[in-house]
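Following UniProt numbering, the numbering of the sequence shown begins with 1 at its first residue and continues without gaps. Think of the CB as a built atom: it goes at the ideal place given N, C-alpha and C, for glycine as much as any other residue.
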Amino acid sequence: MPLEIVTVPCLSDNYAFIAHNPVTNDTAVIDVPEAGPIQSVLEARGWELGKIFITHHHSDHVGGVEELRTHWSPRVIGAKADAHRLPALDVEVEEGDEIMIGGEKGRVIDVSGHTMGHVAFHFPGSDAVFTADSLMAMGCGRLFEGDADTMWKSLSKLAALPQDTIVYSGHEYTAANARFAMTVDPENPALARRSGQIEAARAKGDATIPSSLAEEKETNPFLRAGDPAIRSGLGMEDASDAEVFAEIRRRKDNF
1 MPLEIVTVPC LSDNYAFIAH NPVTNDTAVI DVPEAGPIQS VLEARGWELG KIFITHHHSD
61 HVGGVEELRT HWSPRVIGAK ADAHRLPALD VEVEEGDEIM IGGEKGRVID VSGHTMGHVA
121 FHFPGSDAVF TADSLMAMGC GRLFEGDADT MWKSLSKLAA LPQDTIVYSG HEYTAANARF
181 AMTVDPENPA LARRSGQIEA ARAKGDATIP SSLAEEKETN PFLRAGDPAI RSGLGMEDAS
241 DAEVFAEIRR RKDNF
């Protein structure tokens with residue numbers, strides 16, 4: 001049975017995700033921007049928190065870890081490469097390592113770029129990948145520490161996951177990302193349709209997270225650096241995919 005995954009809005013535009021194994025009753029949370037909303041969901045459902053998975057060190061992803069640790073004493077899992085600046089870890093992981101929520105097996109993917117040491121957590125049995133600020137709905141994270149080549153390689157790993165994978169990313173940035181996407185991929189009918197759906201959802205106050213990997217590959221310009229129409233529009237027909245990605249990221253930074 002796949003994990004039951006609950007999207008929890010936090011802070012002004014962050015998301016945490018609670019993953020519950022209904023067979024074993026094991027429960028984990030992926031990233032903790034703040035403790036209160038997560039604790040409220042756990043208590044309302046009667047779930048005991050056993051694990052915290054951390055994607056990267058930024059405060060809007062780890063700010064509530066210690067409060068949850070005090071309340072439930074969960075095991076905290078994060079990247080070995082980032083351990084020096086994460087909350088104290090009980091388990092340090094690297095790319096390819098196996099992780100578990102109850103009997104559900106997942107694996108760690110190094111998705112450095114936004115930060116170095118950023119990881120994603122892929123649970124293929126539940127068709128779920130938790131990407132935080134690497135691959136985002138209609139976008140990707142700013143390159144605060146890594147370079148464009150590093151981020152392109154990270155996004156390419158995620159793009160290679162099965163098409164039906166659901167992407168659980170860390171922020172409600174989708175509407176702004178869609179507006180930018182239209183400037184570099186204006187002739188994409190799938191993008192036009194999705195942009196309209198996003199506007200309608202946000203007008204009702206609905207979340208646009210999670211999204212499917214299939215729709216990201218159809219509409220997210222940061223995964224589409226090889227698309228001939230985008231390359232032509234940028235005047236970069238002969239550039240490498242990484243170079244095209246770098247130009248898209250540069251334009252988004254100045255959008």
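Just verifying my parser: in three-state terms, what is the DSSP assignment at residue i?
i, result
"residue 138", "coil"
"residue 132", "strand"
"residue 110", "strand"
"residue 20", "strand"
"residue 162", "coil"
"residue 91", "strand"
Could you check which residue in the options has the C-alpha nearest to that of residue i?
i, options, result
"residue 47", "66, 55 and 20", "20"
"residue 31", "119, 98 and 22", "119"
"residue 213", "162, 241, 253 and 111", "162"
"residue 112", "252, 243 and 157", "157"
"residue 184", "54, 242 and 230", "230"
"residue 10", "242, 217 and 209", "209"
"residue 167", "225, 136 and 40", "136"
"residue 53", "131, 204, 84 and 223", "131"
Between the alpha carbons of residue i and residue j, how many angstroms are there, rounded?
i, j, result
"residue 239", "residue 221", "16 Å"
"residue 22", "residue 4", "7 Å"
"residue 249", "residue 142", "8 Å"
"residue 189", "residue 160", "23 Å"
"residue 181", "residue 175", "10 Å"
Around the C-beta of residue i, are 16 or more other C-beta atoms found within 10 angstroms, so that it is buried, or is it exposed?
i, result
"residue 69", "buried"
"residue 102", "buried"
"residue 252", "buried"
Within the same chain, show all residues whose beta-carbon is closer than 7 Å to that of residue i, passing over the 5 residues directly before and after it, in chain order.
i, result
"residue 95", "108, 109 and 110"
Looking at the ligand NAP, does it come within less than 7 Å of residue i, judged from the CB to the closest heavy atom?
i, result
"residue 154", "No copy of the ligand NAP occurs in the structure displayed, which carries no ligand at all."
In its own chain, which residues sit with a C-beta less than 8 Å from the C-beta of residue i, not counting the 5 before and 5 after it?
i, result
"residue 13", "171, 172 and 173"
Using C-beta distances below 6 Å, list every residue in its chain close to residue i, excluding the 5 sequence neighbours before and after it, in chain order.
i, result
"residue 146", "112, 113 and 116"
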